[in-house]
Structures are given as structure tokens and as C-alpha cells.
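Colleague:
Numbering (the working numbering), first residue to last: 899 to 1015.
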């Protein structure tokens, strides 16, 4: 079955960096676009970034554009989110999913990112 295992979260200072990873299984990874979403405490889950199946196309939420970079390694069935210039408002649980998360209606456990001095 489809599975997403997110990792790499933690505590970072404002202006710092973190790199999130998501190992995916249960489907043909190289044939599917992937995305990152996040959910801050008390807020709805929101789109962060997405990448096409071969990495040629990427899209970002305005709030992270220029600071976050999404990449993927199809040989490892893994998608990454490099987060630079972190801000306190980036504090959230981060989740990966397919380009369209409605495809399987499944979410992994996520990885927590906290940005604080």
C-alpha cells in the first residue's frame, strides 16, 4: 500500500536551515509528481511546494518562494525539501504526498519543524 515516511524536522533558529526527506513506497514513484504540505497548530493544512515526476517543473507557495527548494531522487524514491531562511511562521508539521493528495486520501505521520530562538 501507499506509504510516506517523512523525516528531517527539528528545531531551528530564525534564519536557519533544515532539509526534509520523504521516502515513498507502494506506487510507481518515478511516474508521479510529488508535493509538500504543512499544517501549523490551529490552522488548516496548506500547500508548500510540488515537483513533477522527472523534476522539470516545480511550484511553490508565495510564502516560501525563494527560500525553499523541492527536489527528488527517483533512484531512491525520495523527495526532499530544502528550507533556508526559516521564519517562526514556518513552524508546522510537514507532510509529503502525491502531486494531487486526493489520489489516495492518505497522509503519513509528518515531521515537525519548529523555528524559534
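The beta carbon of each residue, even a glycine, is placed where N, CA and C say it ideally should be. If you're wondering where the values come from, they're calculated on a predicted model, not measured in any experiment.
With DSSP as the reference, identify every bridge partner of residue 969, one or two as the case may be.
Modeller: In the chain shown, residue 969 corresponds to position 71, counting from 1. Answer is 978, bridged to residue 969.
Colleague: Could you give the residue range of the beta strand (DSSP E) that holds residue 902?
Modeller: Taking the chain shown and counting its residues from 1, one reaches residue 902 at position 4. Its beta strand (DSSP E) spans residues 901-905.
Colleague: Helix, strand or coil for residue 987? Go by DSSP, reduced to three states.
Modeller: Indexing the chain shown from 1 puts residue 987 at position 89. Three-state result, residue 987: helix.
Colleague: Exposed or buried, residue 954, counting other C-beta atoms within 10 Å across all chains shown (16 or more means buried)?
Modeller: Within the chain shown, numbered from 1, the residue matching residue 954 stands at position 56. Classification of residue 954: exposed, given that the 10 Å Cβ count is below 16.
Colleague: Could you say if the region 956-976 and the region 995-1003 meet the contact criterion of at least three C-beta pairs nearer than 8 Å?
Modeller: no
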